[in-house]
Amino acid sequence: MKINWDDYYFPNEMLEQANAIENLMKELKDQLAAVAKKASGVKRVYIVGSGDCYFIAYAAAYAFRKYAGIDAAGFEAYDFYLMRPKVDEESMVVIFSSSGKSLYVLKSLEYVNSCHGIAVGVTNHADSPLGVGCSIPLVTTATGVSKSFPTKTSTSGLTLMYALAAQMGKVMQPETAETCDALLDELETKVPAIIRRIYDEEYPKIKANAQKFLEARIYAFAGSGPARSASMIGAAKVIETSQCRSMTTNAEEYLHMNGFAIKSPDAVIVIGNNISDHREQQVVEYAHNQCARVLVIGDVACEECETVVHVAPFIGELGECSAVLPSMVVLHLFACELSRLSFKDPDAPHDVDLKHVIDLLYTGPVAGWQV
96 MKINWDDYYF PNEMLEQANA IENLMKELKD QLAAVAKKAS GVKRVYIVGS GDCYFIAYAA
156 AYAFRKYAGI DAAGFEAYDF YLMRPKVDEE SMVVIFSSSG KSLYVLKSLE YVNSCHGIAV
216 GVTNHADSPL GVGCSIPLVT TATGVSKSFP TKTSTSGLTL MYALAAQMGK VMQPETAETC
276 DALLDELETK VPAIIRRIYD EEYPKIKANA QKFLEARIYA FAGSGPARSA SMIGAAKVIE
336 TSQCRSMTTN AEEYLHMNGF AIKSPDAVIV IGNNISDHRE QQVVEYAHNQ CARVLVIGDV
396 ACEECETVVH VAPFIGELGE CSAVLPSMVV LHLFACELSR LSFKDPDAPH DVDLKHVIDL
456 LYTGPVAGWQ V
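For the sequence shown, counting from 1, position 160 maps to 255 in our numbering; every step adds exactly one.
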């Protein structure tokens, strides 16, 4: 069976991420600086979304704490709606939905508005319920509408949050302006360059080694610190594009518990965090001793062999926040290759009524989905 890869959206959109990040930074940089000034008096930040939008919240919250010196946390939208954390005039809630129609994203928006919080709506559609109902819309048309499972919208969304955290840091902690500007420079220039280098240099290596990982019973993703967001994205993409079992954890919990379940020829994907690689090295060693197939991404010291593949060590040139973005790109490429080798449709599960699922998740038709 031969598949024409040009007929699918996911393989093409994952190669648009460097351009999407550049376009987003050019289009919204001044607007983010204005938002930061308006939010200079906030005491807490929540980042709320579902799926990929929730996964990136973990790394985004870290950036707000580090660069803006403000209490921040990420929430899945349904959990946010159920738990109703404290929201008042000194709260900024960043609410993600590319379509602007996610059911519990909109219910979360209703709660924030009822508490008089600042609701920043990140969406691709200014005329959507989220775009119209939020206090401050950030419309991400520069990335384009995704017609498949999220790729460029995820990396661009996290880039947006990093940039907002840096701009807020410059306003709220002027003494950190140099550090914040360094992050903005990485997002504007270094990250797109690293991603293009991955396309050119590392994608062929991923293609050449993907077959080794194809027969895994489970794909275990281990990422700590901000890299936990990347591990969540990686697990999601394997499920979405190949409908394979996957799990995500940080390196510590992998060693404490999850590693016990790994056997040959399971796949373990270890993602560097650019802060420390101590536990990551131990996960690689442990998984290798369990006869797993190991994919190592980024700045993690390890020895390659037939069952240990190391890609993109040069991600170590970036800071711990920026490094998450190219790590996600590697994971998109890896998931795409697994889908190609297993003859799966990377845009939609062949045995799932996707229209029914979308009807459950959203308040109306979703632009881009071909259902």
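Glycine included, every Cβ here is placed at the ideal spot set by N, Cα and C.
Alpha-carbon to alpha-carbon, residue j and residue i
{"i": "T218", "j": "D440", "result": "26 Å"}
{"i": "G482", "j": "L282", "result": "It is not possible to answer for residue 482, since the shown part of the chain is limited to 96 through 466."}
{"i": "G354", "j": "Y149", "result": "25 Å"}
{"i": "K307", "j": "T402", "result": "8 Å"}
{"i": "Y153", "j": "L225", "result": "21 Å"}
{"i": "L433", "j": "D372", "result": "27 Å"}
{"i": "K133", "j": "L278", "result": "21 Å"}
{"i": "T458", "j": "S197", "result": "6 Å"}
{"i": "C386", "j": "A346", "result": "18 Å"}
{"i": "D442", "j": "I313", "result": "21 Å"}
{"i": "M256", "j": "A158", "result": "8 Å"}
{"i": "A418", "j": "A113", "result": "14 Å"}
{"i": "A258", "j": "T284", "result": "13 Å"}
{"i": "E399", "j": "V379", "result": "10 Å"}
{"i": "K97", "j": "P106", "result": "Because K97 sits at a pLDDT of 46, beneath the cut-off of 50, its placement in the model cannot be relied upon, and the following sentence gives the value as read from the coordinates. Going from the Cα of K97 to the Cα of P106 covers about 15 Å."}
{"i": "K161", "j": "N208", "result": "27 Å"}
{"i": "K242", "j": "V404", "result": "31 Å"}
{"i": "H211", "j": "G228", "result": "13 Å"}
{"i": "E273", "j": "C416", "result": "16 Å"}
{"i": "S203", "j": "A305", "result": "40 Å"}
{"i": "V363", "j": "D446", "result": "26 Å"}
{"i": "V130", "j": "I231", "result": "8 Å"}
{"i": "E348", "j": "Y199", "result": "30 Å"}
{"i": "E296", "j": "A156", "result": "31 Å"}
{"i": "Y141", "j": "N384", "result": "41 Å"}
{"i": "E108", "j": "D102", "result": "12 Å"}
{"i": "P444", "j": "L110", "result": "21 Å"}
{"i": "Y104", "j": "D454", "result": "21 Å"}
{"i": "F175", "j": "A303", "result": "42 Å"}
{"i": "T236", "j": "V461", "result": "15 Å"}
{"i": "L486", "j": "E205", "result": "The chain is shown from 96 up to 466; residue 486 falls before or after that span and cannot be answered."}
{"i": "Q262", "j": "L309", "result": "43 Å"}
{"i": "E184", "j": "Y298", "result": "47 Å"}
{"i": "R374", "j": "P408", "result": "17 Å"}
{"i": "K332", "j": "L201", "result": "25 Å"}
C-beta atoms of residue i and residue j nearer than 8 Å
{"i": "V143", "j": "V188", "result": "yes"}
{"i": "G414", "j": "G393", "result": "no"}
{"i": "A311", "j": "L426", "result": "no"}
{"i": "V266", "j": "S135", "result": "yes"}
{"i": "A382", "j": "A260", "result": "no"}
{"i": "I328", "j": "S249", "result": "yes"}
{"i": "L428", "j": "V286", "result": "no"}
{"i": "S193", "j": "A172", "result": "no"}
{"i": "A430", "j": "G239", "result": "no"}
{"i": "Q377", "j": "C397", "result": "no"}
{"i": "D147", "j": "P245", "result": "yes"}
{"i": "V424", "j": "V391", "result": "no"}
{"i": "G195", "j": "H220", "result": "yes"}
{"i": "M120", "j": "T271", "result": "no"}
{"i": "I213", "j": "S186", "result": "yes"}
{"i": "K406", "j": "I301", "result": "One detail in the question is off: residue 406 reads as Val in this sequence, not Lys. It is a contact, given that the beta carbons lie within the stated cut-off."}
{"i": "A317", "j": "I357", "result": "no"}
Residue i burial status per 10 Å Cβ neighbour count (16 or more: buried)
{"i": "R388", "result": "buried"}
{"i": "R323", "result": "buried"}
{"i": "C275", "result": "buried"}
{"i": "D448", "result": "exposed"}
{"i": "T343", "result": "buried"}
{"i": "D361", "result": "buried"}
{"i": "S359", "result": "exposed"}
{"i": "G320", "result": "buried"}
{"i": "D280", "result": "exposed"}
{"i": "N368", "result": "buried"}
{"i": "S422", "result": "buried"}
{"i": "P222", "result": "Reading off the sequence shown, one finds Asp at residue 222, where the question assumed Pro. With fewer than 16 other Cβ atoms within 10 Å, it is exposed."}
{"i": "N118", "result": "buried"}
{"i": "K138", "result": "exposed"}
{"i": "F352", "result": "Checking the sequence, you will find Met at residue 352 rather than Phe. By the neighbour-count rule (16 or more Cβ atoms within 10 Å), M352 is not buried but exposed."}
{"i": "V452", "result": "exposed"}
{"i": "K450", "result": "exposed"}
### Query
With contact counted as at least three CB pairs below 8 Å, one residue from each stretch, are the segment 175 to 182 and the segment 428 to 439 in contact?
no
### Query
Taking the runs of the alpha helix (DSSP H) that are 4 residues or longer, which of them lie wholly in the segment 215 to 247?
224 to 228
### Message
For a minimum of 4 consecutive residues, which ranges assigned as the alpha helix (DSSP H) are wholly contained in the segment 282 to 343?
### Response
286 to 292, 298 to 304 and 322 to 337
### Minimum length 3: unbroken beta strand (DSSP E) runs contained in the segment 372 to 419
388 to 392 and 403 to 406
#### Entry: Meets three-Cβ-pair contact criterion under 8 Å: the segment 286 to 300 and the segment 122 to 130
no
### Message
Any contact between the segment 164 to 176 and the segment 331 to 341? By contact I mean 3 or more CB pairs, one from each, below 8 Å.
### Response
no
### Message
What ranges does the alpha helix (DSSP H) occupy inside the segment 114 to 158, keeping only unbroken runs of at least 4 residues that lie completely in it?
### Response
none
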